[in-house]
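S.K.: Counting with this note's numbering, you get residues 8 to 286 for the letters of the sequence shown.
Just so you know, even glycine gets a beta-carbon here, dropped at the ideal spot from N, CA and C.
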Amino acid sequence: MTGENLGLLFPQWQGSGDNLSLYYGSQLIAKEFERVCKLEEVAVSLEKELCVERNIRGYETIIRQMVDTSGLLNERKPKKVLLVGGDCGTEPMPVSYLNKRYDGDLAVIWFDAHGDLNLPEESPSRHFHGMPLRHLLGEGDNLIIEACFSQLSPKQVVLAGGRDLDKAEVNFTEKHNIPVFSAEEAGECDPLVELIKRIGFHNLYIHLDLDVLNPNCFPHVGLPATGGFNLGQLSDCLKALAKSFNLAGYSILEFSPSKPDDIKELKPFIDFGLHFLAE
Ligand SMILES: [Mn+2]
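1. Less than 6 Å between C-beta atoms, sequence neighbours within five positions excluded: which residues of the same chain meet that for E67?
2. Curious, which full-length alpha helix (DSSP H) runs of at least 4 residues does the region 141 to 186 contain?
3. Within the same chain, show all residues whose beta-carbon is closer than 6 Å to that of S290, passing over the 5 residues directly before and after it, in chain order.
4. In whole angstroms, give me the CA-to-CA distance for V195 and V115.
5. From the DSSP output, which residues share a beta bridge with I70?
6. Do the CB positions of N81 and L284 come within less than 7 Å of each other?
7. Cα separation between F188 and R170?
8. Go ahead and pull the three-state DSSP assignment for L80.
9. Over the uninterrupted beta strand (DSSP E) stretch that includes G256, give me the two end residues.
10. Any heavy atom of ligand 1 closer than 6 Å to the CB of D123?
11. State buried or exposed for S258, treating a residue as buried only when at least 16 other CB atoms are found within 10 Å of its CB.
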């Protein structure tokens, strides 16, 4: 790993409300990376009692952990970021940092069964992991938006494998023309590559919430949703994207194991991350 690439372990689980296995899942993934390279860890609270403030569960902890991540990014100023989470609420700092660093020339592919596009006041669960993309797009809680390094515009965002979106999220994607590719439509990602080329982006952020995978082949997530990518298809897809663009950021999130062995299907996605960091 060169000095300009940052591997970040951010085991935040508070965005899921109460799923501490996301914490342990991130540590398991990190262990695989750390056979090869060092990751920087953002310290997170393990206190189970979380208050709802400003319509977000665990708000105070989440914002504190966000500020710590921001400090780390400011200090290291990486050119590339690998993010090992944790819940999807770990994304605002790494994505907004890279978007600023690449001056808006960054397409963000959101591989996720969910939209992560809720506003705090619209979220039935108040769980922040359903809200990070909306905040990255500049809507939601003011203090979180202000903590971000930059804002995305809707034309930078593509949802891949999204199939369990709330009504308000569907309305938002339609209003802003955010494309939503099903696993079938994405295939091995040629249509995604073509779309991003057509818009003219050179740099890419790949958000990988493991619930984008079909639970028949990978059920070890907090919020499984019927359908989705199979393992080989997703792995081919990531490779096709990385071959066509400069990969600036990559995350692996929401691994919720019930036993350590559950990690074995993740090998292609960990190898992909190792390759990314080594370049
Ligand atoms: Mn998600």
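M.R.: This is what the structure holds:
1. If we look at E67 and ignore the five residues flanking it on each side, it has no Cβ neighbours.
2. Taking only runs of at least 4 residues, the alpha helix (DSSP H) segments lying wholly in the region 141 to 186 are 149 to 154, 174 to 182.
3. There is no way to answer for residue 290, as the model of the chain reaches only from 8 to 286.
4. For the sequence presented, residue 195 should be read as Glu rather than Val. C-alpha separation (whole angstroms): 17 Å.
5. Under the DSSP definition of a beta bridge, I70 lacks any partner.
6. No.
7. Answer to the nearest angstrom: the Cα atoms are 9 Å apart.
8. Here L80 sits in helix by DSSP.
9. From DSSP, the beta strand (DSSP E) with G256 extends over 253 to 260.
10. Yes.
11. Residue environment analysis places S258 among the buried positions, since at least 16 neighbouring C-beta atoms fall within 10 angstroms of its C-beta.
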